[in-house]
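Written below as structure tokens is the structure these notes are about.
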Amino acid sequence: MKKLTLIVGLVCSGFVVLVALVSLVWTPFDPTKVSTHRYGGLSWPHILGTDGLGMDTASRLMTGAQTTLLVGILAVGIAAVIGVPLGIYVGMGHKMLGEVVARASDILYALPALLLAILLAAAVGASVMTATVAIGIATIPIFQRMARAATLTVMSQDYILAAEVAGTPRFIIALRHILPNIAPLLGVQAAASFSMAILAEAGLAYLGLSAPQAVPAWGRMLRDADIYTAPGQAVIPGIAIAVAVMGFNLLGDGVRDYLDPRLREVR
Amino acid sequence: MSLLSITDLSVEFGHNRTRVLDQACLSVEPGQRLGLVGASGSGKTVLASAVMGLLPDNAYVMGSVVFQDQELTTMRDKEFSALRGQKMSMVFQEPMTALDPTMKVGRQAGELIGLHQQTSPKATRTRVEEIFDQVGLSHASRIAEAYPHELSGGQRQRVVIAMALVNNPDLIICDEPTTALDATVQAKVLTLLDEELSRVNAACLFISHDLGLVSRLCEDVAVIYAGRIVETGPTAKVFHDPQHPYTAGLVATANIDAVTPGERLPVIEDFFDPSQEVRS
Amino acid sequence: MTAFLLDHVNKVFGGRRREVNALSDLSLTVAQNQRWGIVGESGSGKTTLLKILAGLMPPTSGRVQFLDRDLDLNNRATMASLRSSVQMIFQDPRSSLNPRMKISDIISEPLRSPLLKGRTDVPTDMRARVDEVLSEVGLPLDSADRYPHEFSGGQRQRIALARALAPRPKILLADEPVSALDVSVRAQVLNLLNTLVDSFELTLIMVTHDLGVVRHTCDYVGVLHQGVLVESGPVSSVMNDPRQGYTRELLNAVPRLDS
Chain A
76 MKKLTLIVGL
86 VCSGFVVLVA
96 LVSLVWTPFD
106 PTKVSTHRYG
116 GLSWPHILGT
126 DGLGMDTASR
136 LMTGAQTTLL
146 VGILAVGIAA
156 VIGVPLGIYV
166 GMGHKMLGEV
176 VARASDILYA
186 LPALLLAILL
196 AAAVGASVMT
206 ATVAIGIATI
216 PIFQRMARAA
226 TLTVMSQDYI
236 LAAEVAGTPR
246 FIIALRHILP
256 NIAPLLGVQA
266 AASFSMAILA
276 EAGLAYLGLS
286 APQAVPAWGR
296 MLRDADIYTA
306 PGQAVIPGIA
316 IAVAVMGFNL
326 LGDGVRDYLD
336 PRLREVR
Chain B
-14 MSLLSITDLS
-4 VEFGHNRTRV
6 LDQACLSVEP
16 GQRLGLVGAS
26 GSGKTVLASA
36 VMGLLPDNAY
46 VMGSVVFQDQ
56 ELTTMRDKEF
66 SALRGQKMSM
76 VFQEPMTALD
86 PTMKVGRQAG
96 ELIGLHQQTS
106 PKATRTRVEE
116 IFDQVGLSHA
126 SRIAEAYPHE
136 LSGGQRQRVV
146 IAMALVNNPD
156 LIICDEPTTA
166 LDATVQAKVL
176 TLLDEELSRV
186 NAACLFISHD
196 LGLVSRLCED
206 VAVIYAGRIV
216 ETGPTAKVFH
226 DPQHPYTAGL
236 VATANIDAVT
246 PGERLPVIED
256 FFDPSQEVRS
Chain C
659 MTAFLLDHVN
669 KVFGGRRREV
679 NALSDLSLTV
689 AQNQRWGIVG
699 ESGSGKTTLL
709 KILAGLMPPT
719 SGRVQFLDRD
729 LDLNNRATMA
739 SLRSSVQMIF
749 QDPRSSLNPR
759 MKISDIISEP
769 LRSPLLKGRT
779 DVPTDMRARV
789 DEVLSEVGLP
799 LDSADRYPHE
809 FSGGQRQRIA
819 LARALAPRPK
829 ILLADEPVSA
839 LDVSVRAQVL
849 NLLNTLVDSF
859 ELTLIMVTHD
869 LGVVRHTCDY
879 VGVLHQGVLV
889 ESGPVSSVMN
899 DPRQGYTREL
909 LNAVPRLDS
């Protein structure tokens, strides 16, 4: 049962990655080329039809996978690169700074990605990048808190004391002892945040706060579809988003179950 | 008729059927105190869990455990629950995990009474305070209103012992009941256990790695090694004149005071080669 | 030369509202090559004492000297000297070895401290030193490339001992070194500890609740009770003729295996 979670997660997320890779070298049509078949149904050669501007949906869907992965990687990257060091630093017992970071984290936590995205879009214009940065910043507190909690657990182990007695500097203790021991947890969190970011970007794109019209992105395709004349054009990117979100979520769960020794021993 | 008789009890775990208990035979008479000593991983706790019906689902049990003429290995969960806490009870090593942290200890003990007999809330309360008083918890009514974390380690273990005694069981299984406690607290808890066992005339299966504790509390002892009972007999006899080389090694290593300070301490390997086949 | 000198040391934890005196007015002199056992129960302050000696936390007040030198946690030269001459082993070898590090990296960690750079009294060839201490604690040399989970509890405590010995310390601090081990393994580790302390002429300060271990291994004993050193002196006199009620209670609490 637990293996099934991992397998389904791997298959779904692997499929998204595969499609994105293929789209780098080949798509049936140019995803941004306009043709006269507006809202063409499912037919050859446009197997998934065309959108309101006559662009090939299958090609846009494939290229959209790139955007989706880019959003996930960048958003999680921003959140992890800022959140994890902060969490470790605070977890290693800097009281004054700890309070400051904890409060800042609370404020950021209360601030939804949506609000950040609106602010950023107003400042520099809406694009996939502004949406991704907004999602990334909004995810920092999650990583900061997780890293802090995990660090506290590791800090209670005697090998930290042993390292201090050995004269190991704190920075090296963080790299040598803490990071490797909290990495599995962070990996699981990254997978979960990855799918959250994909979903959030789709939502922002639907609100017009992310990709502009010409850019092939799933959330944008959802926005551009006219559900009265061609409902299928909304369902297709919807399914793609669902598969990606579910895939990375299950992958995270699967990896966690696999790594958790307590669950593993019971079998 | 023995209170508890274990015959050829084997327990295996998991897919590859790792055998952790190998044809163990033991019997406990009414009121008898039997110590079970062995190293960690020797199968002590598995034996206790098998008797209490607390083995995990991936355990395969062979052989027989008869308690008061009832076969336990094939007993259904529902009947077993009726037995546990009433006819037989258990004292665990770590009192903090044996108690529910979100429930006042008086209520926890009270529920145990309510599970097995119909009593009024007032009678239950009186009984709880009475038993708390008996195990040396001063201000019993106040302790009953406390949550586990508000008590000290020694107080918590007294509560656990009180809960084990509350239904006057015929058999109490103690799994390293004082290991988590400080020496002076351990001494007091041990005295309490001694007195209470005599008072209610309950039999006791006392699991420990500490030979000193066992010789203090139990008249009989069984030695377990690698899932097998290698020696059984009166405590004084087994510890003074061990028949099995493993027992001899265990006694020698435990008896640290008999060695001149600074001299090399005997180790089990001096007496017993672990690679050789163990026969009981 | 004295290994450690503590002069009216106090340690207070907590804020203004709820202060806890972990150590109260503790004075103790440990001469070189003595073996001290510090006995006490949980909350007695014995772990706090060990942490102060290891330079992991400063006392609230009082003076601490090691090898005739004031212990100042902010002085780099002092700390370098402390880290090379004072090492420590811990109670639970499952917790004191990083599960994600190879044994060779674990053992060589004290040698890799930047504090010890350029010191002549510290071994420089790390691989050779790792092999050397591994054989000293009786572990096969191929242990170096393995991970902690591949070893039993007793073997892990040997690894912890090897790590402590790596920088050739003069003083060994031990926090309940055998109480997490099985009785059968305890004797082996104690024998090894005794041999190593003998052959490297170490000063030993061992914190424990086990009086049998103290009687066997140590020649001096200090009894800590609620942060106060209630009694101290040679093991034979304290254990055979305890002056304090608490010491007597502690001695009587241990169940003996009479034979």
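Sequences listed follow chains A, B and C, in order. Everything in the first sequence is counted per our numbering, starting at 76 for the first residue and increasing by one. Everything in the second sequence is counted per our numbering, starting at -14 for the first residue and increasing by one. Everything in the third sequence is counted per our numbering, starting at 659 for the first residue and increasing by one. Ideal Cβ placement from N, Cα and C applies to all residues, glycine included.
Straight-line Cα distance separating residue j from residue i
i	j	result
ILE(-9) of chain B	VAL31 of chain B	13 Å
ASP255 of chain B	LEU182 of chain B	37 Å
TRP694 of chain C	SER895 of chain C	14 Å
LYS828 of chain C	ASP856 of chain C	12 Å
ARG946 of chain C	ALA735 of chain C	The structure shown has nothing for residue 946 of chain C, since chain C only spans 659 to 917.
THR705 of chain C	GLY234 of chain B	32 Å
ALA243 of chain B	VAL236 of chain B	11 Å
ASP118 of chain B	GLY20 of chain B	27 Å
ARG331 of chain A	ILE82 of chain A	13 Å
ASP730 of chain C	MET737 of chain C	7 Å
VAL841 of chain C	GLU808 of chain C	21 Å
ALA289 of chain A	ALA213 of chain A	27 Å
ILE696 of chain C	SER685 of chain C	13 Å
PRO291 of chain A	TYR281 of chain A	13 Å
Extent of the continuous alpha helix (DSSP H) run through residue i
i	result
ASN910 of chain C	903 to 911
LEU198 of chain B	196 to 202
Helix, strand or coil at residue i [DSSP, three-state]
i	result
GLU340 of chain A	Because GLU340 of chain A sits at a pLDDT of 42, beneath the cut-off of 50, its placement in the model cannot be relied upon, and the point is left open.
CYS275 of chain B	Here chain B covers residues -14 to 265 and nothing more, so residue 275 of chain B does not appear.
VAL203 of chain A	helix
CYS189 of chain B	strand
GLN141 of chain A	helix
GLN745 of chain C	strand
ASP683 of chain C	strand
GLY703 of chain C	coil
GLU135 of chain B	helix
SER894 of chain C	helix
ARG785 of chain C	helix
TYR878 of chain C	strand
ARG245 of chain A	helix
VAL252 of chain B	coil
TYR805 of chain C	coil
GLN55 of chain B	strand
MET81 of chain B	helix
GLY20 of chain B	strand
Residue i: first and last residue of the uninterrupted beta strand (DSSP E) it sits in
i	result
ILE157 of chain B	156 to 160
TRP293 of chain A	Segment 293 to 299 is the alpha helix (DSSP H) holding TRP293 of chain A; no beta strand (DSSP E) there.
GLU216 of chain B	213 to 219
TYR210 of chain B	205 to 210
ASN756 of chain C	Per DSSP, ASN756 of chain C belongs to no beta strand (DSSP E) and is neither H nor E.
Interface partners of residue i on chain C, CB under 8 Å
i	result
VAL223 of chain B	What VAL223 of chain B touches in chain C: nothing, since even the nearest Cβ is about 11 Å away.
ASP167 of chain B	GLU699, SER700, HIS867
GLY233 of chain A	Note that residue 233 of chain A is Asp in the sequence shown here, rather than Gly. PHE748, GLN749, ASP750, SER753, SER754, listed in chain order.
Pair within 8 Å by beta-carbon distance, residue i and residue j
i	j	result
GLU14 of chain B	ALA188 of chain B	yes
VAL22 of chain B	VAL208 of chain B	yes
ALA266 of chain A	ILE217 of chain A	no
VAL100 of chain A	ALA140 of chain A	no
GLY84 of chain A	GLY329 of chain A	yes
ARG249 of chain B	ASN691 of chain C	no
ASP160 of chain B	PHE65 of chain B	no
LEU799 of chain C	LEU830 of chain C	no
PRO892 of chain C	TYR878 of chain C	yes
GLY720 of chain C	ASN668 of chain C	yes
GLY99 of chain B	ALA129 of chain B	no
ARG143 of chain B	VAL174 of chain B	yes
Within chain A, the residues that residue i reaches when beta carbons sit closer than 7 Å
i	result
ARG625 of chain C	As displayed, chain C neither begins before 659 nor continues past 917, which places residue 625 of chain C out of reach and without an answer.
ARG758 of chain C	PRO255, ASN256
Beta carbon proximity, residue i to chain F, threshold 8 Å
i	result
PRO768 of chain C	Here chain F cannot be found, since the structure's protein chains are A, B and C.
Residue i: contacting residues in chain B (beta-carbon distance under 7 Å)
i	result
ALA845 of chain C	THR238, LEU250, PRO251, VAL252
Chain-ordered neighbours of residue i on chain C, where CB pairs are closer than 9 Å
i	result
GLU276 of chain A	The contacting residues do not exist; GLU276 of chain A stays about 34 Å from chain C at best.
LEU196 of chain B	VAL841, PRO913, LEU915
Neighbouring residues, chain B, relative to residue i (Cβ below 8 Å)
i	result
ASN849 of chain C	ARG249, LEU250, VAL252
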